[in-house]
Structure formats: C-alpha cells, structure tokens
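>
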Amino acid sequence: MFVRLGQAAARRRWAFLAVPLVLAALAMVAASGLHDRLSYGGFIARDAESNRAAVAVRERIGRGGADLIALYRNPHHTVEEPMFRRAVEDSLASAPSGTIVSAMTYWSRDLPPLASKDRHATAVVIMLAGADDTGRVASYHRLRPVLRAAGFRIQYAGPVAVVDGVAERTLADVRRAELIAFPLVLALLLLIFRSLVAALLPVVIGGLSIGITLGVLALLNGAVETSFITVSLVTALGLALGVDAALFVVGRFREELARRDSVPDAVAATCATAGRTVFLSGTAMSGIALGFLLFPVGVLRAFGVGAAVVILVSAVLSVTALPAALALLGPRVNAGRLRRPWRERERERAVPAEGPWARLARAVMARPGHYLICTSLALLALTAPFAHVTLGFPDQRTLPVDAPARQASDALGRDFALGGLDAVQVVVTVPQRLDTRDGRQTLTAWTGGLVRLPGAGGGLIAATSRHSAVVHLTHDSAAEDPATRALVRRIRALPPPDGGQVLVGGLSAMSQDTLELLGRRLPWALLSIAGFTYVLLLAALRSVVLPVKALLVNALSLGASFGALVWIFQDGHLTWLVGASRTGYIDVAQPVIMLILLIGLSMDYEFFLLSRIREQYDATGDNAAAVATGMQRSAPVITAAATVVLVVCAVFAGSGVAMVKELCVGMFIAVALDATLVRALLVPAAMRLLGRANWWLPGRSTKSGQSLS
C-alpha cells in the first residue's frame, strides 16, 4: 500500500501538492475569525453538583452570584464617608445596560466583610449578564473600560476576571512562542540536515498542519467547545509533531537517495518504511488523543478533537504532500548546503551500521540486568514525589504575580475579612417562602448549623429569592487543601431542610467534583488506550511481547515526569529555573492531559525504533545485532526529533500561565527522559534480556526470512 502511495506521489506530484495547499488556504480562511469565537468555559462537567449550584444561583435567585469582584480603593477616604459611597454607586450606575444583573455593596445591607480591614477599600460583588462563561466575559469586556471613579483605584478579581486574564495572557504567549519557535526549529533542522531545503520541509509541514487543524476547529466550533487553552496546546502540539513526522520522512529519503539512482524508487522506499511508520504512529496517536472524549469536560474534549486532528493531518501530509515535494526536488533536497556549495553535489552517505549508538547498545547489552535495574530505580526515584500530589482547580495563582487579576485577587484575600475567591458557595432551597417568618427561621436554623461545621468561617447570605438563598461560606485553608475538601464533604453530608435541597459550589467544590469525575473515568480511559496501543503495536511489530514491554517502559517514564512536576511546581524546587512561582498544587486535569499525550508521543518513538530493529531482525535473525544496528540507524533521527520537541516545549514553557507552563515543562522532562534513559538504556537492556522472546507471535516462527517478513 505505502509503496503504491509513494509511486503515486512521485507520478502525480503536482496534484499531491495542490490538494493540501488548497485545503490549507480554505482552512486558514475559516480559522480567521476563530479567536473571536473562542469559549471561556468548559472547565467543569455540566452535571457536576458545583456547576448545578452555579446554574441554580442564576435561575432560581437571579442575583448574588460572584462572577466579578470590583475593588474600589481610595487612600484618602474611608467607606464610612458619604463621598466614598456616592462615588462607588455613581460608578456602578454608569455601567452599560445589560452588563450587570446584580451588585452587592458594603452599603446594600451594612455588610462588614465587604469593607477592607483598613476601611480605605470596598469590594463590590457583581453578577454579570450572560448565558454562559463566554457571555459573561463579553459583559466584563463592555463593563471594564466604563467603570471610573475620580481618586479611586479600581481592580477586578473574581472568576470572570481571572479566566479573562488567563485567556489574554495565553493567546499573547502563543503568538510570542510562534514567533520564537519557528525560527529556532528551522535553525535546529538546518544543523541536523546541513541543508536549507531539507530543513524547510518539516517546518512547512508543521505550519500547514496547524493551519488546517485550526480551520477544522473553526468549522466544528458549534459542536466542540474550542477554548483559548485548546488553541495554545494544539499549536504547540502541531508544531512539535508535524515537524517530527516530516523529519523522519525527509531523513529516510536522503538515506534512500544515497542508495539508489532513481528518485521515484527512493520516494517509494521512503513511503514503505518511514512513511508507513509515521502514518501508523500518527493513527495510533490520534486514536489515543480521542481518549479525551471519555471525559465529560468541555476543555478536555475539545483538546482531544484538536490533538487527534493535528496529529492525523501531520501524518497524512507526511505520506502525501511531503513525498510529492521530495519527488519534485530529488537531489535538490540537499540544496543550500552548509560548508559546501551546491555545485559540489555529493550523495548523502547512508547511515552506517556501526557507530556510537551501536557501541552504546552493545555496552548496555553486555550487562543488561545492571542497566535495567539502575535505570528503573532512577525513574522510580523521580516518581516518588507524585505520592504526595495535591490536585486543585486553577485559580488566580495560575497567573503571574504581575497580572492585574492576580494582584486584585491577592489583595482581596489579604485585605478583606471576606477572604479570597475560594469561598464555598451554598445554594439552599426551602419549601416555605423566605419572606415569611417560617421560611426565615428554617433558613436561619440551617445556616446556623452550617457555620458551626469544623473548618467553616463566617457565612454571608448574598441573596435570596422566594424559596432559595445563596450563602458564601469562608474558610481559612486554600481551596485545594484537604481541610477545605473535608468541609465541602461535611456540607454535602448535612441533611437539607425538610422538603428542601442543598447544592454546594465554589472553587473547592469544582476541584473535588472534577477530581472525582476524572478518577471514575480514568481507569476506563487507560484500559481503552492501552488496548488500542497494544493492538496497533502488535499489528505493526508482529510481536506479542514488545507491545507489553513498550507499555511498561512508558509507565516508568510517565511516572518520573509526574513526580518531577510535583517536585517543581507543587513543592517549589527549581522554580527559578522554569520561571514559575510555587503553586502548592497541580492542575487537576494536568495528569490526564500529560498521560494521554505522553503515551502517544512515547509510542511515536517506540514505533520508529522498533520498526528499524524489526527490519534488521528480519534480515539477520540475530536479536543483539538487530538491536545494535537498529539503535545506530534510528537513534540519531529519534534524538533529532526529540530535540525539536524539547525546543518547542521550552519555548511554550515561557508562558506566564502556570497551567500551560506545567504541561510544557512536564512534556519537556518526559521527552528528555524518554530519549535518553528509556530509549538509550532501558529498551536495549530489556530487549537483550528477552532475547528471541521479543519476536514471539503464536503460530509464527521467530526466525528471520520466514512468515514474519
């Protein structure tokens, strides 16, 4: 199949080039307005209790929601002075119509928590108009430039201000990263290939993959909740993996061109080897990425679709448009050489069977047990910090300390008795009307028990309707702290008022709901991904044992990267090196995202390495020689591909948003470990110990030259 595909690409190269270019142009037109339609929500499952609590505030009460908290500070006047009140109320009155649903101030009902401890500032709790998070952010964008008060400094905290700050910073970071990453990757490829033309091809494939994927996401925007996080991660992934896939193909073509006089034959051989591996690997990674669809969280599902599309597009372009371009270029793929002018046209030397990587493989295989144990222990030691991981929902700490929303949120927690953004939101519904004596007594009795719970602070009834009230319950611990989660569980365990209902929301409840939901779905996702990966590796490598070995080895490298992430971001070690501050927790969705992405990426390198070893084993029947030669011929390009991914991860890790930085740093560590300790030491040691069992397939001979080939 892949031989015929290569032959077709060589014969009809202009058609194979024109189709993807036209599709890319159309996709880029479709994607032109995507940024204006990005979602700001999708971080919590719709049926989670915390989300139902937020919906209940809007639908049952219609006010009292804390979407936005405006901090008014005047260093010369206090909240008790009439001019202070008049200035704040006049400012709120100037808000554009249709932006504010309700605003709760210090003077609404004489609410002391809404005045700062020094009395020079007040917090206004605002419920914004909008059917969803995106609509509320739009209201905030209309409101923010209008609110003014002479002599006052106005800052904005609250969930909407934080998510808007994260979106704004993330999209700016993506634009900056693209401007840095593309030239850096091109320079790196120039060093790898020593040819400008060969270096340009993978960069073009990566750019086309991103453009086509963003167009597809724009077309699917109604069905998929595409957010700013999706765009950021898909851009990084498309650049890294698009370049990776093309790098394998271009490298193999140059090798085949050195062996053959015919360019079409070299293209066909490239498609039959590297092209086949890239396509199968891309298919596997796309299938693995679709594992995100098993989680009913909008952000994860959108990223799963985006990741699957960008990986598959990269793979398809690498076996269609790229071979056509190589057929068109022929020996000119080596044009723009470093050191030597093009007129000295020389063939690329084929990769030798002997060299430093082969010598390393033989050294490892001389003492395989020693290397297997030592490498495994090192990876397990790196995994150890993950044992005390604390998972939390992203809050203002995901922003850099100089971000306006972060500064406002920190001021709210520091200067007000109200506390920060992590108050527990409790929606209480009673059968009696709350404007009657019985209704008020029922609510008072129940909230009295609420504030007496261990770990609870003060309770503030923010708003009421006929039968429902929303209570903001403060606490001393952080939202992700076990004590706060225990408080949420205690509230949910409280019997509701007779004939009534209680819903618990807020940041800690969202974190707990998400953690429980991911925990329920993760085993099924792991089983599905492991089974899918096993079947694909079994089909590609024709071995029962190698897929099991690959999954076990990948588990070690994944655990090590998770542990390193906890040690850096949660525990606060080496934060100066990655340009971060200690968060005290890891984003609750981070392990799921990293797990699925890194399984896919590890499979990519596993496919390429083991396919080369399989080729050698089929030719010689000598397991040790096949491992050494396969390592020598695949390790340089795997190292080059991994270096490209490391460069992309390092550039995107420059993001000021902690949850993006966490993911990119985690990916950097995992890829670095995978390309060094795992591929260079652990894999050859394990394959030497397994010997001929590596190639066992029931009903098939393990000798070369027989039915396996």
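All residue numbers for the sequence shown refer to our numbering, where the first residue is 600 and numbers rise by one. Here a beta-carbon is modelled for each residue, glycine too, at the ideal position from N, C-alpha and C. Bear in mind the structure is a predicted one, so any value in this text is a computation, not a measurement.
1) Tell me the rounded alpha-carbon separation between PHE1131 and GLY1099.
2) My guess is that ASP1014 and SER715 are in contact by the Cβ rule of under 8 Å, so how many angstroms apart are they, rounded?
3) Would you list the one or two residues that DSSP bridges to THR1063?
4) Is it right to say GLU953 is buried, meaning 16 or more other beta carbons lie within 10 angstroms of its own, or is it exposed?
5) My assumption, with CB atoms under 8 Å, is that ALA1159 sits in contact with LEU978. Please give the rounded CB distance.
6) With a CB to CB cut of under 7 Å and the five nearest residues on each side skipped, what residues in its chain are close to ARG603?
7) Within the chosen definition, does the region 917 to 928 reach the region 611 to 626 through at least 3 CB pairs nearer than 8 Å?
8) Can you look up TYR671 in the DSSP assignment and give me helix, strand or coil?
9) For ARG948, which three-state DSSP category applies?
10) Rounding to the nearest angstrom, what Cα-Cα distance links TYR970 and VAL1246 in this structure?
11) Let me make sure I understand the geometry here. Which of GLY968, LEU959, PHE792 has the alpha-carbon closest to that of ALA1279?
12) Taking MET703 as part of the beta strand (DSSP E), name the residues at either end of that continuous run.
13) With 8 Å set as the bound, which would you pick, yes or no: does the beta-carbon of ARG1291 sit closer than that to a beta-carbon of chain C?
14) Please state whether the Cβ-Cβ distance between VAL1256 and LEU998 is less than 8 Å.
15) For a quick check, are the C-beta atoms of SER1076 and ILE660 less than 8 Å apart?
16) I need the straight-line Cα distance from ILE887 to ALA1124, nearest angstrom please.
17) To the nearest angstrom, how far is it from the Cα of LEU637 to the Cα of ALA817?
18) According to DSSP, is LEU1052 part of a helix, a strand, or is it coil?
19) Rounded to a whole number of angstroms, what is the C-alpha to C-alpha distance between ARG942 and VAL796?
20) Mind reading off the beta-carbon distance from CYS870 to PHE601? Whole number of angstroms is fine, and I expect it under 8 Å.
21) Cα-Cα, which of ALA1292, THR1046, THR1275, PHE1161 is closest to ALA1223?
22) Going by C-alpha distance, which of LEU670, ALA692, MET726 is nearest SER701?
23) With DSSP as the reference, label VAL1147 as helix, strand or coil.
24) State the DSSP-derived secondary structure class of ILE887, mapped to helix, strand or coil.
25) For VAL918 versus GLY874, is the C-beta spacing smaller than 8 Å?
26) Entirely within the region 1130 to 1177 and at least 3 residues each: give me those beta strand (DSSP E) ranges in chain order.
27) Give the straight-line distance between the Cα atoms of VAL736 and LEU838, rounded to the nearest whole angstrom.
28) For a test of the three-state rule: what should DSSP assign to TYR755, helix, strand or coil?
29) Let me make sure I understand the geometry here. Which of GLY734, PHE683, ARG1036, ALA756 has the alpha-carbon closest to that of ALA1004?
30) Should VAL723 go down as buried or exposed, given a rule of 16 or more other Cβ atoms within 10 Å for buried?
31) Taking 7 Å as the limit between beta carbons, can you name the residues of its chain near VAL1177, skipping five residues before and five after?
32) Quick one: what does DSSP say MET726 is sitting in, helix, strand or coil?
33) Short of 6 Å in beta carbon distance, which residues of its chain neighbour LEU623, apart from the five on each side in sequence? Order them along the chain.
34) Just tell me which of VAL1025, ASP994, VAL912 has its CA closest to the CA of GLY1012.
35) Under the rule that 16 or more other beta-carbon atoms within 10 Å means buried, what is ARG900, buried or exposed?
36) Quick check: what's the CA-CA separation for SER1127 versus ARG996?
Let's see:
1) 47 Å
2) 4 Å
3) In the DSSP assignment, the residues bridged to THR1063 are ALA1068.
4) Exposed: under 16 other Cβ atoms inside 10 Å.
5) Contact holds; Cβ gap of about 4 Å.
6) none
7) yes
8) strand
9) In this predicted model, ARG948 has a pLDDT of only 46, less than 50, meaning its place in the structure is not dependable; the value taken from the coordinates is given anyway. Looking at ARG948 - three-state DSSP - the assignment turns out to be coil, as it is neither helix nor strand.
10) 28 Å
11) LEU959
12) 699 to 703
13) Here chain C cannot be found, since the structure has a single protein chain.
14) Note that the C-beta distance between VAL1256 and LEU998 is below 8 Å.
15) no
16) 9 Å
17) 9 Å
18) coil
19) For ARG942, the pLDDT reaches just 41, beneath the cut-off of 50, and the residue's location in the model is therefore unreliable, although a value from the coordinates is still provided. Spanning the two alpha carbons is a distance of roughly 15 Å.
20) 5 Å
21) Ranking the options by Cα distance to ALA1223, first place goes to ALA1292.
22) From the listed residues LEU670, ALA692, MET726, the smallest Cα separation to SER701 is found for MET726.
23) helix
24) helix
25) Taking the C-beta atoms as reference points, GLY874 is found nearer than 8 Å to VAL918.
26) none
27) Straight-line spacing of the CA atoms in VAL736 and LEU838 works out to 30 Å.
28) Here DSSP, grouped into helix, strand and coil, assigns TYR755 to strand.
29) ALA756
30) buried
31) Cβ neighbours of VAL1177 beyond the five flanking positions: ILE1167, ALA1252, LYS1260, VAL1264.
32) strand
33) For the record, residue 623 in the displayed sequence is Ala; it is not Leu. LEU807, GLY810, ILE811.
34) ASP994
35) buried
36) 34 Å
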